[in-house]
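Colleague: Chains A and B, in that order, are what the protein sequence lines are. Take 1 as the starting number for the first sequence in our numbering and just add one per residue. Take 589 as the starting number for the second sequence in our numbering and just add one per residue. Every residue, glycine too, gets a C-beta built ideally from N, C-alpha and C. Quick one: structure below, then a few questions.
Protein chains: 2
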Amino acid sequence: MDHSAKYKINIVSHNKTITAHEGDLLADKIQKAGINLSVYCNKKGLCGKCFVEIVKGKLARLSEREELFIKQKRLDKNYRLACLHKIKSDLEINIPEESIIQEAFILKTGIKLPVLINPPVKKYHLQLKKPEIGIPYSLSELLEKYFRKKKLVIPLNLLKGLPDILERSKFQITATMYNESEILSIEPNDTLSKNFGIAIDIGTTTVVVELVDLNNGESIDSSTANNSQMRYGSDVISRISFAFQDSNNLAKLRNSILRTLNEMIKQILDRNKIDNSHVYEIVIAGNTSMNHLLLGLPVKTLAVAPFHSVFAHLPPLSADDLGFKINKDGKVYISPNIKSFIGGDISAGLIASDLERRKGNYLFVDLGTNGEIVLKTKERFIATSTAAGPAFEGMNISCGMLAIPGAIYKAEYKNKLVLHTIKNKPAMGICGTGLIDLISVFLDKGVVTPKGTIINKTKRIQITDNIYISQKDIREMQLAIAAIKSGIRMVLLKNELKKEELEEIFIAGAFGNYLNIKNSMRIGLLPQINEDKIIFIGNASLAGAKALLLSQQARKKIESLVKRIQYFSLATDPLFQRYFIEALEFKN
Amino acid sequence: MDHSAKYKINIVSHNKTITAHEGDLLADKIQKAGINLSVYCNKKGLCGKCFVEIVKGKLARLSEREELFIKQKRLDKNYRLACLHKIKSDLEINIPEESIIQEAFILKTGIKLPVLINPPVKKYHLQLKKPEIGIPYSLSELLEKYFRKKKLVIPLNLLKGLPDILERSKFQITATMYNESEILSIEPNDTLSKNFGIAIDIGTTTVVVELVDLNNGESIDSSTANNSQMRYGSDVISRISFAFQDSNNLAKLRNSILRTLNEMIKQILDRNKIDNSHVYEIVIAGNTSMNHLLLGLPVKTLAVAPFHSVFAHLPPLSADDLGFKINKDGKVYISPNIKSFIGGDISAGLIASDLERRKGNYLFVDLGTNGEIVLKTKERFIATSTAAGPAFEGMNISCGMLAIPGAIYKAEYKNKLVLHTIKNKPAMGICGTGLIDLISVFLDKGVVTPKGTIINKTKRIQITDNIYISQKDIREMQLAIAAIKSGIRMVLLKNELKKEELEEIFIAGAFGNYLNIKNSMRIGLLPQINEDKIIFIGNASLAGAKALLLSQQARKKIESLVKRIQYFSLATDPLFQRYFIEALEFKN
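Right, dumping it as structure tokens:
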């Protein structure tokens, strides 16, 4: 309590009392009291979102804009914008629920991580003042004056249509602002409610697109598909090799993924009856190879030693230039790469799991076609990657499939083999988690030896009439598991940490909640520690992309984080080869 | 003299002695002593331009980069970069001429205005360190590290070619930086000497293109042509009307001027054997209508009350997007508009004449198709514009022509009419200054009355066998002169200033030095004041464009200046009509 302070502010709604000096801004004091006041426009009186009810005390004179907002929102006369209200007496106030920033929960599983909604893309509904003959301000100046900006970037494209839009709408428009400095769209009348973004996770095998309402952070719909680049190679290495065989191949890979994404975006928008002009930004989280291929950047440097990428981070790009079918002046933000094969999917995952703020030692493991491992100790972040191949995603497996309806995702032995399929659809194949369960069961039953040999003569284990596991399938799984297992072992060893010293292990990846922890430990995929310490966080890459879509703070955080993370190369360490061979055996 | 200071620095070359504290940066101290040390890279040790010879005193250890520069430039071992040298003893130094920033003189006539060369476009020659397997920095990070920038904007286009260029040139490249934050080009090996920009003045009637060496500010070549939009209307109003008659017409006007400019640029580059990829920026100064038409912006708002423009200022634009054939990632900077019809040509002219820094009352008059008048008093800037029509540029005149070889630019009566043509070529027609002289002579001789009537019956005055002045020509000139005359009168009146209170009148425009002051006063174009106060500054618009090309400071200045200038509308003042009619008479 500041005793030199003159006034007391009693925030009845939040049961808090704070003090203030003459002329202090009410919004500042509310924020200092730890209340997440909605200051969408950065306290410039533009968005009308921080209204509070002044129950007792001196009311400041209503500004022109406040008056307009009060009329529009049908508020009582004792409401004031906290960002315009200077304190001149003791106050008793109520902060309505609408004036508190919404939180969006980013991860669907594992950890509840709220993100305060403060997206780079913001919409404002405004009534501009017409130019007058005596002071004929240009149209661009009218916008600068409204937003109180000396410089506002307005694309030529928008300036071309501006006179017409203003004439039609009688100068009442909705403007979309980007990073508080650039106009992305100008639409006639009030289109505030139509404000969307898209989060995309580009995996080597699987692609996920999520449509997000930028006003409240709600996930409206999502869609999953195979990465259509698969036809040019199932893993990263084969695609990279394909890319520099012929100068046209890079374009083929780029066009392939772009077409897939545009089709997915179109479908998801169509079924939600949303016009693509109301999608203002896409955030893409993908591994280094995937984002290079999407951007049409040469991947040769990723293929040969010292295995480096062309870019680490990029400024927001033009969606139109890249070929994405959203708003013509929309943006594409690429989640930054950390180093080499540790890409934007991992940096996004680290944001989604909020690893930076956690105390103690944490392991973050992304189980995809590429297995990335990040160790956070008290002092530092160390990241490495290891090629697991696509087996965990059901690829290169005789009867393998993605974790979609009809996939055997879970198996157990209760007197007989019991199979569970996603959505209880008739079994069509086996996904990664199903494979792990099945191998674990067959190890217990002695059908498969710890060295991975199927003991029967056919070298094939029939699961249903049409579904089986072959000897080759087991070998694929052994390689995938060994990559992760030896990677984790190396990272811990190099940092002189025992697995018991880990607070938690976050498992990200397509596996989601389906992964059976006991079985994963049984076959050696995960280290043998207290089961409670294993947290499945699902598609953290997609969740991170969503966080980046919704929060300017998340972007600042990720951009500084990627510079802090140290890279650790497994390939150059001779010990890794030994560990890898040891890890091929199914055991912990 | 700072008596607490520890050390003395004797700058032998400049005959100055300064003091310094332990650890002070030598570059800072030299600058404080008022010496224009060349700190091209903002004292980051990147450009190697601020070498000084340390004659006596403690030499700092050579940094890696200094060593490289000393080798390249073959300097003695006692040379150090002033921007890296921390003072640790008394010093005696010599600053070589090469370490002083060059000055470029902007105006060719009238005022000597030096501009310190500090262009937005800067080239650096650098040897990058290759990525290593243990720390595989991305290529973009290598550049960021070199330039000590956390964020460096590198266009995707450049990133695509980067691996190849680095491989070919063994990581030795020349990078072109824009506004200290963006890379415009990456070229293999040392291309420092190939660094060009183009200044353009787009007048309603005449277009001038000037090729500038961005390393030293030298004007390499220039070229003048008619504005090819003339075919769609000789004055601004007729072109604007044409533009919104049909939606294709705007594109026609835009393409017309763009084609002219690209042809002029190609010619000038070809004849100087310069590749267009080494031109990194264009600065364009044009009146509001001209810059709107060039950008393809709708001009309807300029045609109807309240006569406002679409934009006032724009961030640098992409040359490629606009259709200019220079470096693919090159920029186009548009000199900002002031208000309505007072455009980027005038703001550039004000920069070229450095009006802001002058004390007292000044008048700036641009005599073009549009006549713009800016009054600078002790307190404020007031600007207005008046439609003079193209007569001053020899258009709409029976035998009129631009001020190019063969034009009668000067006439006097010495017992008989004596004509002077530009470059003494056979007379082909009459340009603006020639018309003024001729009218003045004919007024004296009584051939034309003060009301503008040709007294002979044919209503035509034969000048040579083929060249004559018609009654209509006289009327055109009367209108043009009256517009300027009444405009100046109104501006002075409204600010309660007498013409005698003006320090100077700067006359900008195509007229250049050719305008005869006595005759101009005789016919009423210029107010009757002391002749010494009339200063012809030539094409100030083009000179301003050149200043903007060469100086980051000039850009900051112009952007704040245009916001300060008050607009004064002649059209809305009923007094103007009366003054205009009075001004039609040839008298002062």
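Taking residue 1077(B) as the reference, give the member of 1144(B), 1064(B) and 951(B) with the closest Cα.
Modeller: Of the residues 1144(B), 1064(B) and 951(B), the one whose Cα lies closest to the Cα of residue 1077(B) is 951(B).
Colleague: What would DSSP say about residue 61(A), mapped onto helix, strand or coil?
Modeller: coil
Colleague: Of all the options 956(B), 959(B), 958(B) and 946(B), which has the alpha carbon lying nearest to the alpha carbon of residue 968(B)?
Modeller: 946(B)
Colleague: Chain B partners of residue 337(A), CB-CB under 9 angstroms?
Modeller: 726, listed in chain order.
Colleague: Do you know how far the Cα of residue 797(B) is from the Cα of residue 810(B)?
Modeller: Rounded to whole angstroms, residue 810(B) to residue 797(B) spans 5 angstroms at the Cα level.
Colleague: When the Cα of residue 125(A) is compared with those of 137(A), 145(A), 105(A) and 174(A), which residue comes out closest?
Modeller: 174(A)
Colleague: So which residues of chain B does residue 315(A) contact, with C-beta pairs closer than 8 angstroms?
Modeller: 739 and 741
Colleague: Are the C-beta atoms of residue 896(B) and some chain A residue less than 7 angstroms apart?
Modeller: Judged by the 7 angstroms Cβ criterion, residue 896(B) is in contact with chain A.
Colleague: Please report how far the alpha carbon of residue 604(B) lies from the alpha carbon of residue 806(B), in whole angstroms.
Modeller: 30 angstroms
Colleague: For the region 364 to 372 of chain A and the region 488 to 506 of chain A, state whether three or more C-beta atom pairs, one from each stretch, are separated by less than 8 angstroms.
Modeller: yes
Colleague: Given that residue 884(B) touches chain A, what residues does it touch there, using C-beta distances under 7 angstroms?
Modeller: 160
Colleague: With a threshold of 8 angstroms on Cβ separation, who are the neighbours of residue 986(B) within its own chain once the five nearest residues in sequence on each side are excluded?
Modeller: Once the five neighbours on either side are set aside, the close Cβ partners of residue 986(B) are 1056, 1057, 1058, 1060 and 1061.
Colleague: Quick one: what's got a C-beta closer than 7 angstroms to residue 186(A)'s C-beta in the same chain, skipping five residues either side?
Modeller: In its chain, beyond the 5 residues on either side, 158, 162, 165, 173 and 175 have a beta carbon closer than 7 angstroms to the beta carbon of residue 186(A).
Colleague: Give the residues of chain B in contact with residue 411(A), contact being defined as C-beta atoms less than 7 angstroms apart.
Modeller: Per Cβ cutoff of 7 angstroms: no residues; residue 411(A) is ~41 angstroms from chain B at best.
Colleague: When you compare only the Cα positions, how much space is there between residue 485(A) and residue 369(A)?
Modeller: Looking at the backbone, the Cα of residue 485(A) and that of residue 369(A) are separated by about 14 angstroms.
Colleague: Excluding sequence positions up to five away, which residues of its chain have a Cβ less than 6 angstroms from the Cβ of residue 10(A)?
Modeller: 17 and 92
Colleague: Can you list, in chain order, the residues of the region 484 to 516 of chain A whose Cβ is nearer than 8 angstroms to any Cβ on chain B?
Modeller: none
Colleague: How long is the line joining the alpha carbons of residue 203(A) and residue 423(A), rounded to whole angstroms?
Modeller: 23 angstroms
Colleague: By alpha-carbon positions, which one of 346(A), 337(A) and 315(A) ends up nearest to residue 331(A)?
Modeller: 315(A)
Colleague: Among 896(B), 826(B), 808(B) and 842(B), whose alpha-carbon lies nearest the alpha-carbon of residue 859(B)?
Modeller: Closest in alpha carbon position to residue 859(B), among 896(B), 826(B), 808(B) and 842(B), is 808(B).
Colleague: Taking the continuous beta strand (DSSP E) assigned at residue 420(A), which residues delimit it?
Modeller: 416 to 421
Colleague: Among residues of its own chain, excluding the 5 on either side of residue 21(A), which ones have a beta-carbon nearer than 7 angstroms to its beta-carbon?
Modeller: 5 and 6
Colleague: Which class does residue 765(B) belong to by DSSP, given the choice of helix, strand or coil?
Modeller: In this structure, residue 765(B) counts as strand in the three-state DSSP scheme.
Colleague: Using a Cβ distance threshold of 8 angstroms, determine whether the region 682 to 692 of chain B contacts the region 637 to 647 of chain B, with at least three qualifying pairs required.
Modeller: Judged by Cβ distances under 8 angstroms, the region 682 to 692 of chain B makes contact with the region 637 to 647 of chain B, as three or more pairs qualify.
Colleague: In chain A, which residues lie less than 7 angstroms from residue 900(B) when you measure between Cβ atoms?
Modeller: 138, 140 and 141
Colleague: Whose C-beta lies closer than 7 angstroms to the C-beta of residue 308(A) among residues of the same chain, with five residues either side of it excluded?
Modeller: These residues qualify, in order along the chain: 301 and 340.
Colleague: May I have a chain-ordered list of the beta strand (DSSP E) segments no shorter than 3 residues that lie completely inside the region 346 to 407 of chain A?
Modeller: 361 to 367, 370 to 376 and 381 to 387
Colleague: Suppose you measure from the CA of residue 674(B) to the CA of residue 103(A); what does that come to, to the nearest Å?
Modeller: Straight-line Cα distance between these residues: approximately 51 angstroms.
Colleague: Work out the CA separation of residue 1117(B) and residue 133(A) for me, nearest whole Å.
Modeller: Taken atom to atom, the span from the alpha-carbon of residue 133(A) to that of residue 1117(B) is near 33 angstroms.
Colleague: Are the region 935 to 945 of chain B and the region 1124 to 1135 of chain B in contact at 8 angstroms, needing three or more beta carbon pairs?
Modeller: yes
Colleague: Any C-beta of chain A within less than 7 angstroms: which residues of the region 1144 to 1166 of chain B qualify?
Modeller: Per Cβ criterion, the list reads 1155, 1157 and 1160.
Colleague: Please confirm whether residue 721(B) has its beta-carbon closer than 7 angstroms to some beta-carbon of chain A.
Modeller: yes
Colleague: Please go through the same chain and pick out, in chain order, the residues whose beta-carbon is closer than 8 angstroms to the beta-carbon of residue 842(B), but skip the five residues on each side of it.
Modeller: 881, 882, 883 and 884
Colleague: In whole angstroms, give me the CA-to-CA distance for residue 244(A) and residue 260(A).
Modeller: Going by the C-alpha atoms only, they are around 22 angstroms apart.
Colleague: Under 8 angstroms, CB to CB, which of the residues in the region 912 to 944 of chain B have a partner in chain A?
Modeller: 925, 927 and 928
Colleague: Which chain B residues are close to residue 305(A), counting only those with a beta carbon under 7 angstroms from its beta carbon?
Modeller: 721
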